[in-house]
Structure formats: structure tokens, C-alpha cells
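Asker: Have a look at the structure that comes next, please.
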Amino acid sequence: MPIVVKADGLAAGKGVMVCSTLDEAHDAVTRIMEERVFGEAGARVVIEECLTGEEASFLAFTDGKTVLPMASSQDHKPIFDNDQGPNTGGMGAYSPAPVVTEAVHRKIMERIMFPAVRGMAAEGRPYKGVLYAGLMIKDGEPKVLEFNARFGDPEAQPLVVRMASDLIPILEAVIAERLHQIDIQWRPEPAVCVVMASGGYPGPYEKGKLISGLDEAANVPGVVVFHAATALKNGKVVTDGGRVINVTGIGKDVREAIAVAYQGVKKIYWEGVHYRTDIGKKALDRLS
Ligand code: GLY
Numbered sequence: 162m163p164i165v166v167k168a169d170g171l172a173a174g175k176g177v178m179v180c181s182t183l184d185e186a187h188d189a190v191t192r193i194m195e196e197r198v199f200g201e202a203g204a205r206v207v208i209e210e211c212l213t214g215e216e217a218s219f220l221a222f223t224d225g226k227t228v229l230p231m232a233s234s235q236d237h238k239p240i241f242d243n244d245q246g247p248n249t250g251g252m253g254a255y256s257p258a259p260v261v262t263e264a265v266h267r268k269i270m271e272r273i274m275f276p277a278v279r280g281m282a283a284e285g286r287p288y289k290g291v292l293y294a295g296l297m298i299k300d301g302e303p304k305v306l307e308f309n310a311r312f313g314d315p316e317a318q319p320l321v322v323r324m325a326s327d328l329i330p331i332l333e334a335v336i337a338e339r340l341h342q343i344d345i346q347w348r349p350e351p352a353v354c355v356v357m358a359s360g361g362y363p364g365p366y367e368k369g370k371l372i373s374g375l376d377e378a379a380n381v382p383g384v385v386v387f388h389a390a391t392a393l394k395n396g397k398v399v400t401d402g403g404r405v406i407n408v409t410g411i412g413k414d415v416r417e418a419i420a421v422a423y424q425g426v427k428k429i430y431w432e433g434v435h436y437r438t439d440i441g442k443k444a445l446d447r448l449s
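Going left to right, the sequence shown walks through residues 162 to 449 as this note's numbering numbers them.
Structure (C-alpha cells):
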């Protein structure tokens, strides 16, 4: 102990229970497998060593042979500031992640990304697309928490804002297996994405709340507003899910990117809106 019990299927990033005692672990198995709190995702569980350290997300394009890494990024999974409260699908992210130093980047590529891609090909199931490794990094050593066969959300938002190359030719090269010809250009400035969520999320929440300030936020220099769970009702934009709007700011350094993102956030409002106020703080702490 401690030990981690996970629903083996897809649970929107929420199917993980960190258990400090054997009783908690038994309860976790009961909730996942008998009560099915994550639905069919809990038909099977994974029981794992509890890894400590700092989480980072490492995304790469692969055409099944070449692995082309994206810039590093880091998500903030718990719902409240200072990583308190239950896990969510992600309440904010920044790129680059200072914990992924050049040396750590090399280890991730050599020990994790290349072997995973080669391994899938060797098993006769070559993988093409975005490979996302969720990592725990401790004392400069990366370990894998999970793989996803998709972009990260909200990691994708700061990544695409920093991506200076056009995305479409990269995706075409993935399909045509000529990724070795591609070089991705990244803007050096960091980007920070703040997720604005419905009050109550990740528990029950109401939908259909009228959202104001979207244009004002989009007019803040350096801000890009991504819609995650919105709908149009009588010509007005309303909330339509848990994680609703992702405000992404880019700036000359992390401090400025955080300030830009929150300037955008402050323009947007709906009844019950919730967001973390400390997105990017870990990067600042690491850099100071
Ligand atoms: N941000 C976590 C995920 O996309 O799985």
C-alpha cells in the first residue's frame, strides 16, 4: 500500500482510485466491478503500483515506423486548486512542461515511445495516429501510467496554439507513412489553457446555462477560445456538458501566458461556472 485500482475501460479520465489501505482497495473493486460506477469500463480492473512524482503528457505522431514527438505538456487533473478534490478529464494544461528536460525527453523516446510503436508493429498491429503516453516523472526517471490513442484534452489546446507548422500535412504524412519527411516547427513561447467547467462537475451538473463574454475573451491579444461542450439554443451559446470552454493564452513566458489566459477567462461567465485559479503554477514553481 498505497495501491491503485483502475477501471480497465474508458472512463473519461476518471476511472482511477488511489487506495491507501487494503479496505479502500476492496471498496474500490466493489464500486468499480459490482456497483459499476464507471459502467462497462469496470468489467475488468487493473491493479497497479502507486507511482509518485510529477505527471506529464507526452504526445507523438506516428505512422507505425517513425515517431515524431510533439512539444511536452502537463495537465491538471483534480477539480480544485492545489490538486485537491476528485480527478476530472483535465482542468487545464500548459506546454512546454519544464519537468520534461532534454534528458528526460531522450529517455521517454528511447525507453517508451520507440519500443511501444515497434512493439505494436511486431505484434502485427501497427499503430498510426497520435500516441499519448501519460507519464509519472520522479528524479528524472519517466514511468508510464497509461497510453491513449488520441490527443490529450486539454493538452491539445496549448499544443496546437504553439504549433507553427500546419497540422494537415502532418496528418497526411501519418496516413501515407512518410512521417520521416516531416519536421514540426514550434513557437518557443509557452501556452496555458484553463478549462471552464459546469458547477458540480465531475459530479452531476446542469446544462443549458447561457454563456456570456465569449467575443470579449477572444479579443484579448494572445487568447484562443476553444469550445468543448457548448450548444446553440435560439441563436445563443449555452453550456452542454461538464468541461465547457477552454481558454488558451500564449505569452513570452509562463507568467505572461497564465496572465493572458486568465484575462480571457475573466471575460466569460455563466451561472455556476467553475475553474481552477492555479493553472501553470507548477511550471512557474519549477522555473523559479
Ligand atoms: N487530459 C487527459 C486526457 O486527455 O486523457
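Beta carbons: idealized from backbone N, C-alpha and C, even for Gly.
With which residues is Ile208 paired in a DSSP beta bridge?
Answerer: In the sequence shown, residue 208 corresponds to position 47, counting from 1. For Ile208, which the question treats as bridged, DSSP gives the partners Val166.
Asker: Whole-angstrom Cβ separation of Gly412 and Val426, contact assumed at under 8 Å?
Answerer: Counting from one through the sequence shown, the residue named residue 412 turns up at place 251. Counting from one through the sequence shown, the residue named residue 426 turns up at place 265. That pair is no contact at about 14 Å.
Asker: Classify Cys180 as buried or exposed, calling it buried when 16 or more other Cβ atoms lie within 10 Å of its own Cβ.
Answerer: In the sequence shown, the residue the question calls residue 180 occupies position 19. The residue is buried, with at least 16 neighbouring Cβ atoms inside 10 Å.
Asker: Label Lys289 either buried or exposed according to how many other C-beta atoms from any shown protein chain fall within 10 Å of its C-beta, with 16 as the threshold for buried.
Answerer: In the sequence shown, the residue the question calls residue 289 occupies position 128. By the neighbour-count rule (16 or more Cβ atoms within 10 Å), Lys289 is buried.
Asker: State the DSSP-derived secondary structure class of Ala172, mapped to helix, strand or coil.
Answerer: In the sequence shown, counting from the first residue as 1, residue 172 sits at position 11. Ala172 falls in the coil class under three-state DSSP.
Asker: Hey, quick one: how far does the beta strand (DSSP E) through Ala277 stretch, first residue to last?
Answerer: As a working note, residue 277 is residue 116 in the sequence shown. Element bounds for Ala277: not the beta strand (DSSP E) but the alpha helix (DSSP H), 275-283.
Asker: Can you find the residues in the same chain that come closer than 6 Å, C-beta to C-beta, to Gly441, ignoring five residues on each side of it along the sequence?
Answerer: Numbered from its first residue, the sequence shown carries residue 441 at position 280. Excluding positions up to five away in sequence, the list reads Tyr255, Val353, Val415, Ile419.
Asker: Using a Cβ-based criterion (distance less than 7 Å to any ligand heavy atom), does Glu216 qualify as near the ligand GLY?
Answerer: Looking up residue 216 in the sequence shown gives position 55. Checking the Cβ of Glu216 against the ligand GLY gives no.
Asker: Apply the 10 Å Cβ neighbour rule to Asp236 and answer buried if 16 or more other Cβ atoms are within range, or exposed otherwise.
Answerer: Reading the sequence shown from its first residue, position 75 is the one you call residue 236. Looking at its Cβ environment, which holds 16 or more other Cβ atoms inside 10 Å, Asp236 is buried.
Asker: Can you check DSSP and say which residues form a bridge with Ile411?
Answerer: If you number the sequence shown from 1, residue 411 lands on position 250. According to DSSP, which records beta bridges pairwise, Ile411 is partnered with Ala352.
Asker: Looking only at its own chain, which residues have a Cβ that is under 7 Å from the Cβ of Asp366, when we skip the five neighbours before and after it?
Answerer: Position 205 of the sequence shown, counting from 1, holds the residue named residue 366. In the sequence as presented, Asp is not what sits at residue 366; that position holds Tyr. Cβ within range, chain order: Ser359, Gly360, Gly403.
Asker: Quick test of the definition: if touching needs 3 or more C-beta pairs under 8 Å, does the stretch 272-281 touch the stretch 222-231?
Answerer: The stretch 272-281 vs the stretch 222-231: in contact.
Asker: Have a look at Gln318, Pro230, Ile164, Ile193 and flag the residue whose alpha-carbon is nearest the alpha-carbon of Val385.
Answerer: For the purposes of this step, residue 385 is taken as the residue at position 224 of the sequence shown. The residue with the shortest Cα to Cα distance from Val385 is Gln318.
Asker: Quick check: is the beta carbon of Val165 nearer than 8 Å to any beta carbon in chain D?
Answerer: Among the chains in the structure shown there is no chain D, since it carries only a single protein chain.
Asker: What is the rounded straight-line gap between the Cα of Pro257 and the Cα of Ala232?
Answerer: Counting from 1 along the sequence shown, the entry for residue 257 is found at position 96. Counting from 1 along the sequence shown, the entry for residue 232 is found at position 71. Cα to Cα, Pro257 sits roughly 6 Å from Ala232.
Asker: If Val322 and Thr409 are in contact, beta carbons under 8 Å, what's the gap, nearest whole angstrom?
Answerer: The sequence position of residue 322 within the sequence shown is 161, counting from 1. The sequence position of residue 409 within the sequence shown is 248, counting from 1. Rounded, the Cβ-Cβ distance is 5 Å, consistent with contact.
Asker: What are the start and end residues of the beta strand (DSSP E) that includes Lys299?
Answerer: Working through the sequence shown from its first residue, we reach residue 299 at position 138. Segment 290-299, the beta strand (DSSP E) holding Lys299.
Asker: By the DSSP assignment, the beta strand (DSSP E) with Val381 in it spans what residues?
Answerer: Here residue 381 refers to the residue found at position 220 of the sequence shown. No beta strand (DSSP E) holds Val381; DSSP gives it neither H nor E.
Asker: Below 8 Å, can you find three or more Cβ-Cβ pairs linking the stretch 328-335 to the stretch 385-399?
Answerer: Too few Cβ pairs lie closer than 8 Å, so no.
Asker: Going by C-alpha distance, which of Leu320, Glu350, Glu417, Arg197 is nearest Phe387?
Answerer: Position 226 of the sequence shown, counted from the start, is the residue given in the question as residue 387. It is Leu320.
Asker: Are Leu448 and Pro259 close, meaning C-beta to C-beta below 8 Å?
Answerer: To locate residue 448, count along the sequence shown from 1; it is residue 287. To locate residue 259, count along the sequence shown from 1; it is residue 98. Yes, Cβ-Cβ distance for Leu448 and Pro259 is below 8 Å.
Asker: To the nearest angstrom, report how far apart Leu296 and Val165 are at their CA atoms.
Answerer: Residue 296 sits at position 135 when you count from the first residue of the sequence shown. Residue 165 sits at position 4 when you count from the first residue of the sequence shown. Between Leu296 and Val165, the C-alpha separation is close to 15 Å.
Asker: Checking 8 Å against the spacing of the C-beta atoms, do Leu220 and Phe308 come in under that value?
Answerer: The residue labelled residue 220 in the question sits at position 59 within the sequence shown. The residue labelled residue 308 in the question sits at position 147 within the sequence shown. No. Outside cutoff.
Asker: Could you compute how far the alpha carbon of His341 sits from the alpha carbon of Val335?
Answerer: Along the sequence shown, read from residue 1 onward, the residue named residue 341 stands at position 180. Along the sequence shown, read from residue 1 onward, the residue named residue 335 stands at position 174. Approximately 9 Å between the Cα atoms of the pair.
Asker: Secondary structure at Tyr423, three-state DSSP: helix, strand or coil?
Answerer: Taking the sequence shown and counting its residues from 1, the one referred to as residue 423 is at position 262. Here Tyr423 sits in helix by DSSP.
Asker: Give me, in chain order, the residues of the same chain whose beta-carbon lies closer than 6 Å to that of Asp327; leave out the 5 immediate sequence neighbours on both sides.
Answerer: On the sequence shown, residue 327 is found 166 positions in, with the first residue counted as 1. Correct list: empty, nothing qualifies.
Asker: For the ligand GLY, is there a heavy atom less than 7 Å away from the beta-carbon of Asp300?
Answerer: As a working note, residue 300 is residue 139 in the sequence shown. No.
Asker: Using DSSP's beta-bridge definition, name the partner residues of Met357.
Answerer: Locating residue 357 in the sequence shown gives position 196, where the first residue counts as 1. Paired residues: Ile406.
Asker: Excluding the five sequence neighbours on either side, which residues of its own chain have a C-beta within less than 8 Å of the C-beta of Arg286, listed in chain order?
Answerer: Position 125 of the sequence shown holds residue 286. Contacts found: none.
Asker: Between which residues of its own chain and Trp347 is the CB-CB distance below 7 Å, once the five residues before and five after are set aside?
Answerer: The residue labelled residue 347 in the question sits at position 186 within the sequence shown. If we look at Trp347 and ignore the five residues flanking it on each side, its Cβ neighbours are Ala232, Arg323, Met324, Ala325.
Asker: Using three-state DSSP, classify Pro303 as helix, strand or coil.
Answerer: Position 142 of the sequence shown, counted from the start, is the residue given in the question as residue 303. Three-state result, Pro303: strand.
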